[in-house]
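Asker: Here it is, the structure in full.
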């Protein structure tokens, strides 16, 4: 019996390597790691999603880039990775939400819709002629008056979190959350912590105009995005805590190490 050439493990999304790995799934995860940083925090008074929309050129209209989407009245999602893949998944999630309303006359559960999206993503890892979705979603919502926060992986894996992050700045954000997150904080404090974590992950290279923030409060309110003025007010508090002059050196370093992630932006 002929051995499969090593490069075939790279090309086929349905073939395991001898050490039990699916390389195409791992490559899809790399696409997420190179994407914009998205964070989610769940507290007793609600759940918040934040994304630092990376703008690789000053000629791009930042408002035209959307990384946080409304799925239903009570559900929102943030994405990192290939944004075109994310839009396809968001469209599917919206259809599933409406099918549930028409069929059962009630809103779909946050966990249910998260599992449906993960089941769909998983099928793209086991059939030939397809590739895994190169995106992860943070799905946030309110279910039975309780906030929920899930992360979907390109493999189809699903995890629920109190606070998490995806994308290029995941590691420093998670480190800050592990040190400072408190599920008893109010929603405004959660927003501030999320923006502060994005600020730190960006090494001080921070523009409030490229921030996108969505939230759902408990008792149940509909999912909404903060306006530019609301985001700016939170960002001003960041600048009070970290004066711009103190970060001049960090900003210069950040400009010098303009990474491949900027060039391979997932816009």
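In the numbering used here, the protein residues as written are 258 to 524. Beta carbons: idealized from backbone N, C-alpha and C, even for Gly.
Of the choices 348, 311, 338, 313, whose alpha-carbon is the least far from that of residue 327?
Answerer: Among 348, 311, 338, 313, the Cα nearest to that of residue 327 is on 348.
Asker: Using a Cβ-Cβ cutoff of less than 6 Å, which residues in the same chain neighbour residue 536 once the five nearest sequence positions on both sides are dropped?
Answerer: Beyond the ends of the chain as shown, which are 258 and 524, falls residue 536; an answer cannot be given.
Asker: With DSSP as the reference, identify every bridge partner of residue 406, one or two as the case may be.
Answerer: The partner list for residue 406 (beta bridge, DSSP) reads 397.
Asker: Would you be able to state if there are at least three C-beta pairs under 8 Å between the stretch 419-439 and the stretch 276-286?
Answerer: At 8 Å Cβ cutoff, the stretches do not touch.
Asker: Give every residue of the same chain whose Cβ lies closer than 7 Å to the Cβ of residue 502, excluding the five residues on either side of it in the sequence, and list them in chain order.
Answerer: With a pLDDT of only 48 at residue 502, under the threshold of 50, the placement of this residue in the model should not be trusted; the figure read from the coordinates follows. Around residue 502: no qualifying Cβ.
Asker: Assign residue 466 to one of two classes, buried (16 or more other C-beta atoms within 10 Å of its C-beta) or exposed (fewer than that).
Answerer: Counting Cβ neighbours within 10 Å, residue 466 comes out exposed, since fewer than 16 surround it.
Asker: Could you tell me the distance, in whole angstroms, from the CA atom of residue 290 to the CA atom of residue 425?
Answerer: Cα to Cα, the separation comes out at about 5 Å.
Asker: Compare the Cα-Cα distances from residue 412 to each of 480, 274, 279 and report the closest residue.
Answerer: Taking only the C-alpha atoms, the option nearest residue 412 is 279.
Asker: In whole angstroms, give me the CA-to-CA distance for residue 340 and residue 320.
Answerer: Distance between the alpha carbons of residue 340 and residue 320: 15 Å.
Asker: Where do the N-terminal and C-terminal ends of the beta strand (DSSP E) with residue 299 fall, by residue?
Answerer: Residue 299 -> beta strand (DSSP E) spans 295-300.
Asker: What residue from 276, 275, 304, 271 has the CA that sits closest to residue 417's CA?
Answerer: Taking only the C-alpha atoms, the option nearest residue 417 is 304.
Asker: Compute the distance between the beta-carbons of residue 471 and residue 393, then report whether it is under 7 Å.
Answerer: No, the pair does not count as a contact, with Cβ atoms beyond the cut-off.
Asker: Quick one: what's got a C-beta closer than 6 Å to residue 312's C-beta in the same chain, skipping five residues either side?
Answerer: Contacts found: 319, 467.
Asker: Distance check for residue 306 and residue 408, CA to CA, integer angstroms please.
Answerer: Using only the alpha carbons, I get a separation of about 12 Å.
Asker: Is the beta carbon of residue 452 less than 7 Å from the beta carbon of residue 477?
Answerer: No.
Asker: Is the separation between the beta-carbon of residue 354 and that of residue 329 shorter than 7 Å?
Answerer: The answer is yes: Cβ separation under 7 Å.
Asker: Would a C-beta distance cut-off of 7 Å place residue 454 and residue 433 closer than the cut-off?
Answerer: In contact: residue 454 and residue 433 (Cβ atoms closer than 7 Å).
Asker: Alpha carbon to alpha carbon, what distance is there between residue 281 and residue 385?
Answerer: Using only the alpha carbons, I get a separation of about 12 Å.
Asker: For a test of the three-state rule: what should DSSP assign to residue 328, helix, strand or coil?
Answerer: DSSP places residue 328 in strand when its eight states are reduced to three.
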